[in-house]
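The numbering used here puts the first residue of the sequence shown at 39, with every later residue one more than the last. This report concerns only the one structure given below.
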Amino acid sequence: MPALPAPDYPVDVRARLEADAKEVIARYPGARSALLPLLHLVQAEEGHVTRTGIRFCAELLDLTTAEVTAVSTFYSMYRRKASGDYQVGVCTNTLCAVMGGDAIFEELEEHLGVGNGETTEDGAVTLEHIECNAACDFAPVVMVNWEFFDNQTPRSARQLVDDLRAGRTVEPTRGAPLCTFKETARMLAGFPDERPNAVEATGGAGPASLIGLRLAKGEAVPGRGADHVIAPRSTTDGTTDGTTDGTTDGTGGEPPSGHPADEPPAGHPSSHDAPQQTAASDDQHPAGPTAEEGE
């Protein structure tokens, strides 16, 4: 049997949500552009995107429920079923995995008695494995409602979820103080975090994350002394490529180790620097093999 129309919100809840929704919609030149924050708004109300929330978004943006459903099921940040107050995500991407992320996830699965995407019986914790959190120099990383808990171990992660379930205060390694998933969803909808000193709390990338940037700028490698720098990349005409100090080796390459004393092989720029006369997609002048697919 076809599903019956989703029930509406209670009158007082709908009035409150409509006032918030109109504030969000007013930020955009086209109303339908407000769909993503509105989905966060309804998620903040019930902890996940319900059929009622989908109907609400569709009515306010003059969309079909099918259009809203298509978007809400595409993005993983929108929950499709009831979930916990704290979304505990364990990074299991490559570096975190080899540094212990897989062990942490297995430990929490056994300790909490839930699998991926499942919620503890008390409704406090939803466990999930997630992809890269862009904090590889702090691996392995656990996130709770998108706040960072760096350099975790199976033991520390177990203590973390125990504290969450017991209602004890836990402090992220960096960033704003922890709040519930519903509160986080409201912030993602575009409403300010009104907790005292929450906005001022911050955190940044660690030194390991910034080494590549320092090298690209020609700065000293940490721990190697001021003489170990990356020589500015030069072009084949002897001019520097985007540098400001005028340094050039005239070869179009760069030292193989990055040390100024090392000479690059003459006439061998990297594949990223070498000028390309044409593209493989150019039917008239293909740069690559012309064989048909499968040959």
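Backbone N, C-alpha and C fix where the C-beta goes; we use that ideal spot for every residue, glycine too.
query	result
Cα-Cα, which of A243, F94, G153, L42 is closest to R70?	F94
Going by DSSP in three states, L202 sits in which element: helix, strand or coil?	helix
Which same chain residues, not among the five before or five after T102, have their C-beta less than 8 Å away from its C-beta?	A96
Could you check the C-alpha separation between N131 and C170 for me, to the nearest Å?	6 Å
Just to confirm my understanding: we take R224, look at its own chain, exclude 5 residues before and 5 after, and list those with CB closer than 6 Å. What are they?	A82
Would you identify the three-state DSSP class for Q190, choosing helix, strand or coil?	coil
Does DSSP put T90 in a helix, a strand or coil?	helix
Just to confirm, is the Cβ distance from Q125 to E166 under 8 Å?	yes
So, V199 versus C129, is the Cβ gap smaller than 8 Å?	no
According to the Cβ coordinates, are R117 and A44 closer than 8 Å?	no
Excluding the 5 residues preceding and the 5 following Q197 in the sequence, name in chain order all residues of the same chain whose CB lies nearer than 6 Å to its CB.	none
Taking E83 as part of the alpha helix (DSSP H), name the residues at either end of that continuous run.	73 to 84
Let me check understanding here. Comparing Cα to Cα, which of E232, G153, F219, L248 lies closest to D175?	L248
State the Cα-Cα distance for the pair D58 and A72, rounded to the nearest angstrom.	12 Å
Could you have a look at C129 and say whether DSSP puts it in helix, strand or coil?	strand
Grab the span of the beta strand (DSSP E) containing T164 for me, first residue to last.	163 to 168
Does DSSP classify E159 as helix, strand or coil?	coil
Please work out which residues of its chain come closer than 8 Å, Cβ to Cβ, to S121, disregarding the five sequence neighbours upstream and downstream, and give them in chain order.	G85, H86, T157, T164, F219
Tell me the DSSP bridge mates of R212?	F186
Which residue's Cα is closest to the Cα of R206: P234, A162, R212?	A162
With DSSP run on the structure shown, which of helix, strand or coil describes M181?	strand
Leaving out the 5 sequence neighbours to the left and right, which residues in its chain are closer than 7 Å to A173 when beta-carbon positions are compared?	V179, F186, D188
Going by beta-carbon coordinates alone, are L98 and I142 separated by less than 8 Å?	no
Going by C-alpha to C-alpha distance, which of P245, G241, P215, A246 sits closest to E232?	P215
Assign A204 to buried or exposed, taking buried as 16 or more other Cβ atoms, counted over all protein chains shown, within 10 Å of its Cβ.	exposed
Please report the residue range of the alpha helix (DSSP H) in which A57 lies.	49 to 63
How long is the line joining the alpha carbons of G250 and C134, rounded to whole angstroms?	19 Å
Is N154 buried or exposed, if buried means 16 or more other CB atoms sit within 10 Å of its CB?	exposed
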